[in-house]
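Asker: Numbering (full-length UniProt numbering), first residue to last: 1 to 274.
The beta carbon of each residue, even a glycine, is placed where N, CA and C say it ideally should be.
After the structure tokens below, expect a handful of questions from me.
What follows is the structure, given as structure tokens:
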């Protein structure tokens, strides 16, 4: 880990960067600069007094002395982002790489090609295939991008896994509560006259076991039920024997649901979900 001098491939300014990072942000133009490209540009820096936005003298050298021109203004260049060799127009200040679709300084591309330094080798992409050096896929595969160190990326990966596990657990709990909860289940209630147990099953059948507090006599009513109303809060009981009757599912101040028989069956207790 060392602080080295580099040159931004976007604005051409000299910058300091840490070679422990795969990429850093330029303090002048704010663009992301890849370490290998910045170091290579610094190694091929133009002589003092030359403008960073102009091609190096090697870019104007005759054929066989530096970059080989193709046409009066075409020079051999190298994309500072993906390392692809390409021909650039020396008259243009910036161009777009046809491979990675990133803009780059023409002078920087010419200096990279004429420096003779070895480009960064292709790094394996996430899917196991080779990706161009400096491409987003390649940087992502190295677990370091936008200035994140490997240690920070490892911490983020651990946090991401923990969050994913927590989300899965919450989803499982919610699904379990949905499948077993709701209005379905057992409701119990008692008063001075009755002890009642109501079971609402998911197959839309019900059973009501009534026990008289005074005589101890027990009655069981069975049948099917329907949910009525826009929010399905009304239960219509359809006994196998006897007439149908309706009740309302309500919730008390503590959030506990209960079946209210008030106004339907005189003296019948409200039955809270157990």
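1) Starting from residue 111, trace the alpha helix (DSSP H) both ways and give me its first and last residue.
2) Nearest to residue 191 by CA position, among 152, 212, 256 and 259, is which residue?
3) Please tell me whether residue 17 and residue 9 are closer than 8 Å, where the distance is taken between their beta carbons.
4) If you pair each beta-carbon of the segment 232 to 251 with each one of the segment 213 to 220, do three or more pairs fall below 8 Å?
5) With DSSP run on the structure shown, which of helix, strand or coil describes residue 213?
6) Taking the C-alpha atoms as reference points, what is the distance between residue 15 and residue 159?
7) Residue 200 to residue 208, Cα distance in whole Å?
8) Does the beta-carbon of residue 80 have 16 or more other beta-carbons within 10 angstroms, so that it is buried, or is it exposed?
9) Alpha carbon to alpha carbon, what distance is there between residue 214 and residue 187?
10) Just mark residue 33 as buried or exposed, buried being the case when its beta carbon has 16 or more other beta carbons within 10 Å.
11) Distance, Cα to Cα, residue 293 vs residue 156?
12) Which of helix, strand or coil does DSSP assign to residue 236?
Answerer: In brief:
1) 106 to 115
2) Per the Cα distances, 212.
3) With respect to residue 9, residue 17 sits apart: the two C-beta atoms are not nearer than 8 Å.
4) no
5) DSSP places residue 213 in coil when its eight states are reduced to three.
6) 33 Å
7) 9 Å
8) Label assigned to residue 80: buried.
9) A straight line joining the alpha-carbon of residue 187 with that of residue 214 spans about 21 Å.
10) buried
11) Summary: the structure shown does not reach residue 293, with the chain confined to residues 1 through 274, and so no result is reported for it.
12) strand
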